[in-house]
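Here's the structure, in structure tokens; my notes come after.
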Amino acid sequence: MNGETTQAIGSVAEDRPHVRANAHISSRALLPWVAGPAWFVAALLTWRWPDADDFPDTDILAGVFAGIGVALLAAAAVRRLSARGPWMIALGLGLAAWEVAQAKLLLLPRPFFGTPQDLLDVFLTDWKRLGDSLLHSLGLLAVGYATGATLGIATGLGLGRSRRFRYWALPFVRLIGPLPPVALLPLAMVLFPSNWLASEALMTLGSGFPITVLTWSGVAAVDPAYYDVARTMGARDRFLVLRVALPAAMPQIFVGLFMGLGMSFVVLVVAEMLGVKSGLGFYMQWAQGWAAYPNMYAALLVMSLMCTGLVTILFKVRDRILGWQKDGLKW
Numbered sequence: 005m006n007g008e009t010t011q012a013i014g015s016v017a018e019d020r021p022h023v024r025a026n027a028h029i030s031s032r033a034l035l036p037w038v039a040g041p042a043w044f045v046a047a048l049l050t051w052r053w054p055d056a057d058d059f060p061d062t063d064i065l066a067g068v069f070a071g072i073g074v075a076l077l078a079a080a081a082v083r084r085l086s087a088r089g090p091w092m093i094a095l096g097l098g099l100a101a102w103e104v105a106q107a108k109l110l111l112l113p114r115p116f117f118g119t120p121q122d123l124l125d126v127f128l129t130d131w132k133r134l135g136d137s138l139l140h141s142l143g144l145l146a147v148g149y150a151t152g153a154t155l156g157i158a159t160g161l162g163l164g165r166s167r168r169f170r171y172w173a174l175p176f177v178r179l180i181g182p183l184p185p186v187a188l189l190p191l192a193m194v195l196f197p198s199n200w201l202a203s204e205a206l207m208t209l210g211s212g213f214p215i216t217v218l219t220w221s222g223v224a225a226v227d228p229a230y231y232d233v234a235r236t237m238g239a240r241d242r243f244l245v246l247r248v249a250l251p252a253a254m255p256q257i258f259v260g261l262f263m264g265l266g267m268s269f270v271v272l273v274v275a276e277m278l279g280v281k282s283g284l285g286f287y288m289q290w291a292q293g294w295a296a297y298p299n300m301y302a303a304l305l306v307m308s309l310m311c312t313g314l315v316t317i318l319f320k321v322r323d324r325i326l327g328w329q330k331d332g333l334k335w
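For the sequence shown, the positions run 5 to 335 when the working numbering is used.
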């Protein structure tokens, strides 16, 4: 009898991990179906709870929340929401909490803190100016970052491959590269004939320095045996640089590209606020000057989406170019 009891207890203990695993799987399967109702709750609170003041577009905002809830239910039905389900729940409940705290109860001081209705109203009424500012920022960023990346990779290759080039170029890299580009903004405004050129030069400097250093590091770390094998097969210096050094250093180069992109974002905002009379940074400064804080928050949101989108694109490019090293990538 004792043996049978012990065996039964052991079988129950063995089944417990399976029970926990099944419960965990069932809870993960239910989470996508909770995302839609969370947004329905936000829509219901927005629509039925009276506003504490005369806020614009309350009914439109409730419709937007309800539409997102329907879209999330459709995504859950086709099993496309399993990974993003918890985030969508948190976002829906967070917007509902913001709506209640500010639009219904006025818990935060105005006009410094707006409501979701205020933010939606900016996108509905001022989308042309926001879109124009976004295009100007993208144009300024594209030229400066592309120039910095090109010069950074070329300089890094020269530092890693040529002793004579390293002798003459390294002092300039050490002297100018570590300087914060923002500190050079007053000097750049004097040296260059236009604010646009000054901003592009500072963005080139800010993005080019980390790309230069990491390209140099990657080229210097290439196994000399690769060069020996290529020379044995008759390769010339150009082949060694473009087909041996550059591909081998590419993981380090992409680290520098990510760092340079982050520095470009910083220089972009500062340049637009202080010199260039267009772009998202200029729009934010204009909104702050007129105490139009919802416009400022809308510009911040657009800028965040722009930066996130560009980083995502760079990740896609990295995965495509470094597909042959996919198993070795840890970031």
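Don't be surprised by glycine CBs; every beta carbon is placed ideally from N, CA and C.
Note that the coordinates shown come from a computational prediction; the quantities given were computed from them, not determined experimentally.
Here D61 carries a coil assignment [DSSP, helix/strand/coil]. Your pair A249 and V226 checks out as a contact, with CB atoms roughly 6 Å apart and the cut at 8 Å.
The continuous stretches of alpha helix (DSSP H) do not include Q106, and DSSP gives it neither H nor E. Around the beta-carbon of D323, fewer than 16 other beta-carbon atoms lie within 10 Å, marking it exposed. Cβ atoms of V274 and L189 come within 8 Å of each other, at about 7 Å. In this structure, the alpha-carbon of P41 lies about 14 Å from that of T50.
For A234, the enclosing alpha helix (DSSP H) begins and ends at 228-236. The DSSP-derived three-state label of P113 is coil. Put simply, of E103, L85, G164 the residue whose alpha carbon is nearest the alpha carbon of P228 is G164.
Assigned with DSSP and collapsed to three states, D55 falls in coil, not helix or strand.
The criterion of a C-beta distance shorter than 7 Å is not satisfied by Y149 and S282. Under the three-state reduction of DSSP, P182 is assigned to coil, being neither helix nor strand. At a cut-off of 4 residues, the continuous stretches assigned as alpha helix (DSSP H) that sit fully inside the segment 191-225 are 199-224. Shown here, S282 sits in coil according to DSSP, grouped into three states, outside any helix or strand.
Residues P36, W37 of the same chain have their beta carbon placed closer than 6 Å to that of A80, with the five preceding and five following residues left out of the count.
Taking the CA atoms as reference points, P54 sits about 26 Å from D130. Residues of the same chain with a CB within less than 6 Å of the CB of F59, apart from the 5 flanking positions on each side, are A107, T119, Q121 in chain order. For P185 against G210, the beta-carbon gap comes to about 4 Å, under 8 Å, which counts as contact. Contact check for V321 and L265: beta-carbon distance about 11 Å, past the 8 Å limit, so the pair fails to qualify. Excluding residues up to 5 positions away in sequence, Q121, L124, D125 lie with their Cβ nearer than 6 Å to the Cβ of D61 in the same chain. Here the alpha carbons of L76 and R88 stand approximately 10 Å from one another. For the set V259, N299, A303, the Cα lying nearest the Cα of G156 is the one of V259. Here DSSP, grouped into helix, strand and coil, assigns S86 to coil. Excluding five sequence positions before and after F117, the CB atoms of its chain that fall closer than 7 Å to its own CB belong to Q106, given in chain order.
Excluding five sequence positions before and after M310, the CB atoms of its chain that fall closer than 8 Å to its own CB belong to L138, S141, L142, L284, given in chain order.
At least 7 Å separates the beta-carbon of A47 from that of G96.
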